[in-house]
Structures are given as C-alpha cells and as structure tokens.
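Numbering (this note's numbering), first residue to last: 2 to 464.
Glycine included, each C-beta is placed from N, C-alpha and C at the ideal position.
Only a predicted model underlies this, so the values are computations on that prediction, with no experimental measurement involved.
This report concerns only the one structure given below.
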Ligand code: MN
Ligand code: MN
C-alpha cells in the first residue's frame, strides 16, 4: 500500500482559487472592472447586444455577409434581430474540422409590461407587469426599479426608453404591506404572499389640473411619456418595455472579492466569452461566440437557442468554405456557459456539500443539469469532460465539478441540449451564483476570471 501522503494525493480536492492560484486574484479584480461596466451598460438583451456590437466593431469585426470569402484570422459578426450576438474568428484549419463554440445567454429574469399596462387606482398611477423567467415574486417589491425598452411608434419610427439609471433620474418601485397589517399575508406560503397581480409599478400621484376629467393621474403620466417619447397608450401594444433593478454593479465584502449586481445570470458568462472571442487572434479552429436571448423562458422563439438561427449561421459559414455542415457539426465542440447555484451556507439543507459548487473555487463544470432522473438534459460524455478538464489543467485554470443541489430538491436546464441535439459535442460550464434569479445576485470575481481563462484556452486550443 502507498503511504498516507501518496494516498492523499489521489483525492479530489475542491479548493479555492485564492489557495490554488493566488497570483490570479489581482488579475481577476482588474478583469471584473470591465465586467461591471458591461453590466451597467446592458440590463436587457437589446442593450447587451448593442454594447457588445460596439466592442466587436472596435476590435475590427466586420458584419458577416453570406457567401463572402473567409480567410484565417478574419473576424466577423452577425446580430440576430437586435437581441443576439454571433461573433467568429476564422481558424487556420478548414471549418470541416469543426467549430469551437462558446455560448451564453444575455436575457435575465425581470418584469415586462403587459400590452395595456397603464392604470390609475385610488390616487396612484401604475404599470401592470408580467414577469419574465423564473422570479421569486416576493423579492421584487420595495427595491428601486428602472424602466428600459423600445417602443415602435405608429409612424414607423421607434424610440428607446431608459429611466432610472442616471443619477438625477426618478426611479420606480413596487409596494409591500407594512408588518403592522401583514398578519394575514404572513400566513400565506412564500410563493403566494406576493402574486403576479401584486407586481404593479408605482408611476405617479399627481393629477392634471382640470378637475372634471377622469383618470387625472393616469393622464398626467401619459402626458409626461408623450412629451418625452412621443408615445400614446396604444403604442404600448407595439413596445417591449422591461422593469429591472435600478442599482449598479457593486463590489461586495470588505475584501471586495465578490460583485453584487442584477443580471449575472448569464452576463457573467457572456462577458468572459465575448472577451475571449475578441482577444483570440489566430485560432486553429474557427471560434464562434454566441450570446443568445430567451434562455430564461425556455429558449423558444426566433431569438432562442431552440430556433435554427445559430445553426443557420454556422451552416452559412460552412458554405463560404464549401464545407459540408454535417461534417463540421460532428467535429465541433461547444462550451454551453450558464450560471450554476453556488453552495449557500445559510441554506445548507438543500445542497449536497461533496457535489456542491462554491463561489470562489473556480469555474464550475456540470456534466448534466435537468431534474429527477436527469430528464431533459445534455449529459456530456466522459470523453468530453476529460477533454475539458485536461485543457483546464494544461492552462492552470481552477475548476470544480458538481450538481445544483440535493437530488429531487429541484433542478434546472440550460441551452446545452439544443446544441447537442444538433450533433455537436457540448458540455455545461459556468460561474456559481449566490441568490440566483434575485434582483441582486452575487458572484466571486475569481470565478469570473476562471471562466474567461477557460473560454480563452478553448479558443486557442489547437489539438
Ligand atoms: Mn442562465
Ligand atoms: Mn437563469
């Protein structure tokens, strides 16, 4: 038998980035300054797309034209319907040898306005909302909120709305009961204490001057919107307006080791994937970074990964090199990047510590997601996991592997299955998040940086 020391070397250890790669902590903090700007500049998928396009253009990316000539080192991009980003760097190998795909999503849970949102009730004007994605409704009252969106006006023009982000802007909020009158609400189950119908956004309380008019407060709000944006009530039917938290990304903790922000899920993977794509100069394999929409509602629709838009783009790239797309897909690899649950010591009973993934211990690999008996998941092969872990080891990247929580406590899915279903080897990785899907999610800076190093190593891999 080997000695105790030799035997201990055989153990799987899940250690912090600070212990395994202390030299990376300062670099992580620096990298995250850009990430915080990315968060503050993009609170909806449209805004993230716009900001990403600016970064791509600055880095020399050119709009992709189907049928164009593609040479090694060429950088091209395509925007899908103002809500998704596809960016690629052409490799020195033929596309027939496969793509290296990094995919993350840029939509986040929030409150959307309903088609007829504006109403007045007993002295207050409100917006009615319809929640988008898996929110815990009780978390959304009593926080400052901002209004973001786009309105397509009847004259064919469109106007962007953003209120609540500038220092002097007003903000908005949803009310909750005072504890003094909360005893009946306290008796309810958590998901029932605040309902979707309670999530009305406070807009104003001043009536217009004419006393004989009805709906005087609603009319004042509509008048202000009309003055600022030239819109009428009917224009809400042709708008996409989102209510999101008004606060900015902030360092968390005395050691500033974490970031609190709205929308880490999944911009915390989107930003590192985009940065790695931008910085990749001369890859062997053609790299493609996809920032997609609609993950939080199940990936359906023309901007979701369950549509063909990503695969059409890949097929069009193949056509430029006269390569059979099936051959290229079968040779490709994809890192499906989405956040994972960070083990939360304050709620330890839902986690399984040995298979938990922890904030500060590196990027997390998930062989499978889904629920119950691994239903509705891409279950990456041992070969694919091995490819990724050996790539990470070669590049000194700190990683961990696990599951979301205890078996049968819950579950969740990612876009990995939609990519894998197209005959592309895919594996889930991502940054662990505390308070996932809340208005103020928390991540560790070290993990964000490890995600970036993973995407970079994958893009640069020539084997
Ligand atoms: Mn996600
Ligand atoms: Mn999510």
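Is residue 296 a contact residue of ligand 1, with contact defined as CB to any heavy atom under 8 Å? yes
Just list the beta strand (DSSP E) runs in the region 201-238, keeping only unbroken ones of 3 residues or longer that don't cross its boundaries, in chain order. 201-205
Identify, in the order they occur along the chain, each residue of the same chain with its Cβ nearer than 7 Å to the Cβ of residue 205, setting aside the five sequence neighbours on each side. 126, 218, 221 and 222
If we ignore side chains and look at the alpha-carbon of each, how far apart do residue 169 and residue 146 end up? 14 Å
Since residue 308 and residue 302 are thought to touch, with beta carbons under 8 Å apart, how far apart are those beta carbons, to the nearest angstrom? 7 Å
Under the criterion of a Cβ to heavy atom distance below 8 Å, does residue 339 qualify as lining ligand 1? yes
Would you say residue 415 touches ligand 1, meaning its beta carbon is less than 8 Å from a heavy atom? yes
So residue 113 and residue 139 are supposed to be a Cβ contact under 8 Å. How far apart are they, rounded? So it is not a contact: roughly 19 Å between Cβ atoms.
CA-to-CA distance, residue 422 to residue 296, given in whole angstroms: 16 Å
As a quick exercise: from 356, 362 and 361, pick the residue whose alpha carbon is nearest that of residue 369. 356
Grouping DSSP H, G and I as helix and E and B as strand, with all else coil, what is residue 191? helix
Please classify residue 35: does DSSP put it in a helix, a strand, or coil? helix
Once you ignore the five residues that flank residue 439 on each side, which residues in its own chain have a CB closer than 6 Å to its CB? 140
Three-way DSSP call (helix, strand, coil) for residue 175 in this model: coil
State yes or no: is the C-beta of residue 266 nearer than 8 Å to some heavy atom of ligand 2? yes
Endpoints, beta strand (DSSP E) assigned at residue 132: 125-133
By alpha-carbon positions, which one of 143, 376, 243 and 389 ends up nearest to residue 176? 143
Within 10 Å of its beta-carbon, does residue 266 have 16 or more other beta-carbons around it, so buried, or fewer, so exposed? buried
From residue 196 to residue 185, what does the alpha carbon distance come to, in whole angstroms? 14 Å
On the criterion of 16 or more Cβ atoms from any shown chain inside 10 Å, does residue 243 qualify as buried, or is it exposed? buried
Please tell me whether, using a cut-off of 8 Å, the distance from the CB of residue 110 to the nearest non-hydrogen atom of ligand 2 is below it. yes
Any beta strand (DSSP E) of 3 or more consecutive residues that is wholly inside the region 365-392: none
Can you give me the start and stop residues for the beta strand (DSSP E) that residue 442 sits inside? 442-445
Let me check one thing: in DSSP terms, what residues is residue 336 bridge-paired to? 103 and 428
Which of helix, strand or coil does DSSP assign to residue 304? coil
Residue 62 in three-state terms, based on DSSP: coil
In the DSSP assignment, find the beta strand (DSSP E) that holds residue 259 and state where it starts and stops. 259-262
Excluding sequence positions up to five away, which residues of its chain have a Cβ less than 7 Å from the Cβ of residue 99? 286, 329, 332, 333 and 334
State the beta-bridge partners of residue 1 as determined by DSSP. Residue 1 lies beyond the residue range present for the chain, which begins at 2 and ends at 464; the question has no answer from this structure.
Measure from the alpha carbon of residue 404 to the alpha carbon of each residue in 258, 251 and 374, then state which is nearest. 374
Residue 269 and residue 444 closer than 9 Å at C-beta: yes
For residue 121, which of 201, 68 and 241 has the nearest alpha-carbon? 201
Among 281, 315, 246 and 382, nearest to residue 111 - alpha-carbon criterion: 246
Taking only beta-carbon atoms, is residue 368 less than 9 Å away from chain C? Note that chain C does not occur in the displayed structure, where there is just one protein chain.
Reduced DSSP secondary structure (H/G/I, E/B, other) of residue 251: strand
Of all the options 420, 123 and 131, which has the alpha carbon lying nearest to the alpha carbon of residue 313? 420
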